[in-house]
Amino acid sequence: MVGAVDFATADGTRGIPVRMLMASRRALHSGMQNPKWKCFAGWHRDTEWVRIRWPAYPQHVAPKSIVVSQRVRFKKPRRPVTRLELAVALAGVITEYYSEATSLEPAPEYAHLALGSAEGRVSLYGLLMVCLRPAADGIFDLVLELIGDEDAMKPRIVRRIDVAELDNLIAVPDVRLDSVPPPEAGPSIEGVSGAGPAGPETTVLKVERASTPTLQ
């Protein structure tokens, strides 16, 4: 049984940025750790199925087939691929999955991980290829993460509110004007009644100016 194939940059940093995967083969060779290390040594199949399980699209798996051994001058046995050759093959799996997922609706709790070039979505170059590991069902899982933000891979709580509940939240109680008591008159305000020119009796408020104390 083949164990997990981990990926790292030449300086030992965990994972390989997809931007590096999209670079030239020579740049990838110099930028990744142990590019000549042989993967799938002694493996009994020439191809394997690989899938990506991105949290925003739990229903979209779409496994892809990749070559894990190559024939050398038409001789047998076929030699296993190197880590560099495997990374190049997996780069194609990532780009194909990305183009498929951008048109899908993300899961609400992982909407912040929706893939795409639009604002608020995760771009292709924001992804990090971490490892390729065997799963219990015989398929290999290609593990991707966000560059520099592992906490963002966690779900965010999304609470749905129905229309009735929303109405209760924004309802404002009715207040009758005649139920509001009139303000109490202060000692410096005197009410004077008289008939106003417009018709109904009008209450005129006269404000007495307080006397200014004299400084001795």
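The sequence shown lines up with residues 650 to 865 when you count with our numbering.
The beta-carbon is built from N, C-alpha and C at its ideal position, and this holds for glycine as well.
Excluding sequence positions up to five before and after Asp655, its CB lies within less than 7 angstroms of the CB of Cys780, all in the same chain and listed in chain order. Ile701 carries a strand assignment under DSSP once its states are collapsed to helix, strand and coil.
Residue pairing by DSSP places Met681 opposite Thr658 in a beta bridge. Taking the Cα of Val742 as reference, the smallest distance to any Cα among Pro726, Leu753 and Arg702 is reached at Arg702. Two segments are said to touch when three or more pairs of C-beta atoms, one from each, lie closer than 8 angstroms; by this definition the region 664 to 683 touches the region 732 to 742. When secondary structure is reduced to three states using DSSP, Glu754 falls in the coil class, being assigned neither helix nor strand. Of the candidates Ile796, Gly797, Pro783 and Leu793, Pro783 places its Cα closest to the Cα of Trp698.
The C-beta of Gly787 has fewer than 16 other C-beta atoms within 10 Å across all chains shown, which makes the residue exposed. Using a Cβ distance threshold of 8 angstroms, Val771 and Ala760 do not count as a contacting pair. With respect to the 8 angstroms criterion, Leu739 and Gly664 are not classified as neighbours on the basis of their beta carbons. A Cβ-Cβ distance of about 7 angstroms is found for the pair Glu749 and His709, placing them in contact under the 8 angstroms criterion.
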